[in-house]
Amino acid sequence: MIGKGFSEPTERVKRLKKAIVDATPYVESERAVLVTESYKETEGLSPIMRRAKAAEKIFNNLPITIHEDELIVGAITKNLRSTEICPEFSYEWVEKEFDTMGTRLADPFQIPKETAAELSEAFKYWKGKTTSELADSYMSQETKDCIANGVFTVGNYFYGGVGHVCVDYEKVLKIGFTGIIKQVIEKMESMDISDPDYIKKRNFYEALVITYTAAINFAHRYAAKARELASACSNPVRKAELLQIAANCDRVPERGATNFYEACQSFWFVQILLQIEANGHSISPGRFDQYMYPFLDNDKNISKDFAQELVDCIWVKLNDVNKTRDEVSAQAFAGYAVFQNLIVGGQNEEGLDATNEVSYMCMEAVAHVKLPAPSFSIRVHQNTPDEFLYRACEVTRLGFGVPAMYNDEVIIPALCNRGVSLADARNYCIIGCVEPQCPHKTEGWHDAAFFNIAKVLEITLNNGKVGDKQLGPVTGDITTFTCLDDILEAYKKQMEYFVYHLAEADNCVDFAHAERAPLPFLSALVDDCIGRGKSVQEGGAIYNFTGPQAFGVADSGDSLCAIKKHVFENKEVTMAQLKEALANNFGYSCDSSSNTNNVDLNDEAKIYEAVKKILSNNGSIDIADLQKQLSSSNTQILSCSNEELAQIKRIMEKTPWFGNDIDEVDMIARKCGQIYSYEVEKYKNPRGGQFQAGCYPVSANVLFGKDVGALPDGRLAKAPLADGVSPRQGKDTNGPTAAAMSVAKLDHENYSNGTLYNQKFLPSALAGDEGLRHFASVVRSYFDHKGMHVQFNVIDKEKLLEAQAHPEDYKDLVVRVAGYSAQFTVLAKEVQDDIISRTEQSF
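Heads up: the sequence shown at position 15 corresponds to 15 in UniProt numbering, and the numbers run straight through without jumps.
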């Protein structure tokens, strides 16, 4: 038997989980008030010193909370699953949503009136002082126009703090915060005073000492709180637990951990202090099994069951971390996603398999806790033990959408291609959704932008226009194009223009963070900030990247394939007819946001009404000007009837689609992606690093699909786009292996910022040992063909529909959305519908 099953969690873990599931997310005000008070007190100091003083004030004064049953302590907020606000990055969107955040479509948070009043008072200080305002001031109008018209968005770092990083947890576990302070002081004392950067570096080092001294006190405050609770506790078991918690917090993270329990507690303090310093998401634990295993292996006093319970407790705590975003971004990140990616397995720096006991304990924790966080992942290589892969497949079969699986044989060469050393590349982890990086040596700026490839294709087909606005360059009326190469040439020119403005936008935000919000706590845990005497935001990391991600690759590839087949080869549709069909959504009515009234030229009464409407709006009109007025109005005159337009749609849909292992089709999709990724890598960022492309959408394929009109593949206006590098929903009809082979043909090694591939399997397909063997063979085959990443939902459509209808009965149903999992019932309905529509694969 290869399917071993999973043990039951302890009653404690069940209670801790229930508290998280039942919690109502709140916005809290304490951090915003404290950071505002600090900034008022530090006018005139350098940016890094102001950040250090702000961290000091927050670490020393943020409310301390220890919840019932907890063995691992430390929280960002008083209430479970709640969030603090960081006004130094942005605040106006929060104020605008005081009355609506609790009822909005995606990820609602409750804001009590007294909290809103405290935040409103704090926000008064920040007018003109935020990183978002500074970034906006740097951007050209052309770049802002690109953002406003749905080509891309840089909202992640524009609105929030820098995240998407994995820090040196191992360093803290070994030498503690006092060891880091010692390193800083030694570096400061060895400085050459003739160095022109001496003053600035000294200021940086002094800021680190202030920050880490306060961080030590933060843990000591928890020790004091635990002793206070113990003194009032009548339950001898819980009293002993609280006293042990106090002892742990007295020692770590001030000093190095001496056992596995202390290592777990020390890890958790680092994780939340990073979140408290700034609200950037995707603070990822990285290779948890690698830095935690030595403490388990050397701990001769801990039982296997208690060690597992501690890991389970960390799993629960990772679900306590939460973020609020503006309403639009909340739809893109639907499901309270925080993206704390924790990965196990893979190779060590010498290329040998690194699987250990903690790797398997993490899989057990997934089965015990059954919650969306962490974003749990595994690394697979040619020498990965079959036992490890089978166990991972068994976890997948549970239906929580994890683990995501990553291919060492593609990712390691991709990182080396970007200048990462072989040893560092072998040590990669995954950040956020699907982004590879060398841990604690990288400032990757992953998830730096959502870039809508399908929107660029739509703009290309409209000669650079969005509506009546000439947004991109003039590249030719498509009715003059005679072959696919004509379209691709125009597409490249549009891509050049929009990627330039994407890079400009990202670099504007990058400059703003370096100038106004350097992060001392984070920087001391990323190499080689201490050695270089500068923050992460100023280029202190060894490896510096900016990683914008694209979506719409399959839609673009399928659209060009449909044009090639039906317009240029079979000549069933003319380009003029296709242009008209696209402009009028194939004859289908648009939603209420559309202002286009289609007028059939065969319907004289409707033409008369249209002319009468124009005359009433403009007064008398010269007949010679009538056509001009008609064409510039909101009335579209059609030479085809709506039925004829619908027939064009049916013709265009009779196309072999990406996702069925057809080389001719798959190579067109590959080309669309390459046009984007090759353009992206031309650019540099202010930290001295390179831009690198990714291809993953989070759930933005639904949100930003609303910005895209009808496409030549038959997709109607505003419909969701394909997610990540996955085939379009329902178009991969030749089975899971064929779909995987199509995806594997994309240029994954050039998408070094990560790719995302979703598959959905029927539970019956994976049943029994035979199902596990088939499943593992699909993964191995996909990876053998150079696929980078794959993740799975194992659930049937009927269960999802039932959960939609009766959400109160499915509060703990977890599904894979994109590069993360979420509770299905908290997702917006349109995101739920997108998941339901994905092809259900079987063998």
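No residue lacks a Cβ here, since even glycine has one placed at the ideal position from N, Cα and C.
Beta-carbon proximity check, residue i vs residue j, cutoff 8 Å
i: G730; j: A719; result: no
i: A550; j: F691; result: no
i: P374; j: W315; result: yes
i: N660; j: T737; result: no
i: D454; j: R728; result: The residue you asked about is not Asp; residue 454 is Ala in the sequence shown. No, the pair does not count as a contact, with Cβ atoms beyond the cut-off.
i: I147; j: V27; result: no
i: S559; j: P712; result: yes
i: A669; j: G557; result: yes
i: C249; j: A226; result: yes
i: F295; j: A263; result: yes
i: E504; j: S140; result: yes
i: L746; j: G673; result: yes
i: V73; j: H368; result: no
i: A425; j: L415; result: yes
i: V311; j: M363; result: no
i: Y676; j: S726; result: no
Own chain residues within Cβ distance below 8 Å of residue i, not counting five before or after
i: L229; result: I66, L242
i: V814; result: K370, L371, P372, G399, F400, G401, S821, A822, Q823, F824
i: S377; result: N341, L342, I343, V344, V402, P403, A404, M405, Y406, I430
i: residue 845; result: For the chain, the structure presents residues 1 to 843; residue 845 sits outside this window and is missing.
Where the alpha helix (DSSP H) containing residue i begins and where it ends
i: D136; result: 131-138
i: D713; result: Where D713 is concerned, there is no enclosing alpha helix (DSSP H), given that its DSSP letter is neither H nor E.
i: F761; result: Taken as a continuous stretch (DSSP letters only), F761 belongs to no alpha helix (DSSP H), being part of the beta strand (DSSP E) at 758-761.
i: C508; result: 484-516
i: R426; result: 422-426
i: P520; result: 520-523
i: V13; result: 11-22
i: M741; result: 736-744
i: Q647; result: 642-652
Other residues of its chain near residue i: CB distance less than 6 Å, five sequence neighbours each side excluded
i: S90; result: T130, S132, Y159
i: R816; result: G401, Q791, N793
i: K649; result: F586, G714
i: S282; result: G163, H164, F339, I431, G432
i: L389; result: A776
i: Y293; result: N356, V358
i: L703; result: Q331, A332
i: A52; result: A207, I210, T211, P520
i: I245; result: V73, A226
i: G286; result: C166, C429, P439
i: I563; result: P712
Residue burial classification, residue i (beta-carbon count within 10 angstroms, cutoff 16)
i: G587; result: buried
i: D663; result: exposed
i: D408; result: buried
i: Y198; result: exposed
i: K565; result: buried
i: E121; result: exposed
i: E749; result: buried
i: C483; result: exposed
i: K17; result: buried
i: A744; result: buried
i: D22; result: exposed
i: A828; result: buried
i: L352; result: exposed
i: residue 931; result: Not covered by the structure: residue 931. The range shown for the chain is 1 to 843.
i: P518; result: buried
Extent of the continuous beta strand (DSSP E) run through residue i
i: T546; result: 543-551
i: K811; result: Run containing K811: none; DSSP gives neither H nor E here.
i: I662; result: First-last for I662: undefined, no H or E at that position.
i: E435; result: 435-437
i: V790; result: 789-794
i: C429; result: 429-431
Identity of the residues DSSP links to residue i by a beta bridge
i: S377; result: I343, A404
i: N452; result: F551
i: A822; result: V815
i: residue 898; result: Outside the shown range of the chain (1 to 843) lies residue 898, about which nothing can therefore be said.
i: T755; result: C695
i: F152; result: F451
Close Cβ partners of residue i (< 7 Å) along its chain, the five nearest in sequence each way excluded
i: T115; result: V27, E28, S29
i: S593; result: Per-residue confidence for S593 stands at a pLDDT of 36, beneath the threshold of 50, marking its modelled position as unreliable; the derived number appears in the next sentence. No residues qualify anywhere along the chain.
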